[in-house]
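What follows is one structure encoded as structure tokens, with my remarks underneath.
Residue numbers (the numbering used here): 846 to 1065.
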């Protein structure tokens, strides 16, 4: 029996190809025509595996979320309530996945929907926080707050948003006399901002944790 000229078309191959296009060229490149051309197939054949573009984007987003480590939450419990370290490590893992695929970040900003890996992450974070002593309502709030911060940090670079042309600032913005240098220092500034922000966020959550724990009925 002759072997097919091209590997068998699968959903996994379609999603992987779409993700590669997204990474290289942005969301506009993710089209049936481009994906089919990359795979050497006819466009309609893709619909046997992925029904709509929205379904494809969901699949791409879920593939990226599969790179996020949540194992640190499984170790939390009464004997190991170190939720702070777990959130710290998870935040960096989550951010790294988005940094590797920045063009998918806007699609990740919404809720988990039906994405299996998004639900896996939500389940792990919520379960870990509750196991570490956070009340269920507070754990939901903490999980949402962390996602706001992490996703927001990945949507765009603060430093890269400043033009490198010193003449842009002139004498109109006296406090921005060195703003033209920011773009060239993008990585350091963004990394420092994320670390400072995450540390401040966790410090604030530490205060909140003590408040809600002290308010529990069995503490009085």
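Heads up, the beta-carbon is just placed ideally off N, CA and C, and yes, glycines get one too. In this text, all values refer to a predicted model and were calculated from it rather than measured experimentally.
State the DSSP-derived secondary structure class of residue i, mapped to helix, strand or coil.
{"i": "residue 922", "result": "strand"}
{"i": "residue 1047", "result": "helix"}
{"i": "residue 1026", "result": "helix"}
{"i": "residue 1059", "result": "helix"}
{"i": "residue 1006", "result": "helix"}
{"i": "residue 1042", "result": "helix"}
{"i": "residue 957", "result": "coil"}
{"i": "residue 853", "result": "coil"}
{"i": "residue 1037", "result": "helix"}
{"i": "residue 1014", "result": "coil"}
{"i": "residue 1019", "result": "helix"}
Alpha helix (DSSP H) containing residue i: first to last residue?
{"i": "residue 971", "result": "961 to 976"}
{"i": "residue 997", "result": "981 to 1000"}
{"i": "residue 869", "result": "856 to 870"}
Less than 8 angstroms between the CB atoms is what I'm expecting for residue i and residue j, so what's the real figure, rounded?
{"i": "residue 868", "j": "residue 948", "result": "6 angstroms"}
{"i": "residue 906", "j": "residue 960", "result": "6 angstroms"}
{"i": "residue 1078", "j": "residue 861", "result": "For residue 1078 there is no data in the structure shown, the boundaries of the chain being 846 and 1065."}
{"i": "residue 994", "j": "residue 985", "result": "In fact, because the Cβ distance is near 15 angstroms, the residues do not count as touching under 8 angstroms."}
{"i": "residue 910", "j": "residue 944", "result": "14 angstroms between Cβ atoms; not a contact."}
Subject >> Stretch pair the stretch 932 to 952 + the stretch 881 to 892: three plus CB contacts closer than 8 angstroms >> reply: no
Original post:
Any chance the stretch 1006 to 1014 sits against the stretch 1038 to 1056, with 3 or more Cβ pairs inside 8 angstroms?
Top reply: no
**OP:** Would you mind listing the alpha helix (DSSP H) stretches within the stretch 872 to 951 that are 4+ residues and don't spill past its ends, in chain order?
**Re:** Contiguous alpha helix (DSSP H) elements confined to the stretch 872 to 951 occur at 877 to 884, 898 to 910, 916 to 919 and 928 to 945, taking only those with 4 or more residues.
**OP:** Mind the definition here: the stretch 911 to 922 touches the stretch 962 to 982 only if three or more C-beta pairs lie below 8 angstroms; say whether that holds.
**Re:** yes
Subject >> Any 3 or more C-beta pairs closer than 8 angstroms across the stretch 954 to 972 and the stretch 873 to 883 >> reply: no
**OP:** Please determine if the stretch 1046 to 1061 and the stretch 1020 to 1035 are in contact, where contact requires at least 3 C-beta pairs separated by less than 8 angstroms.
**Re:** no
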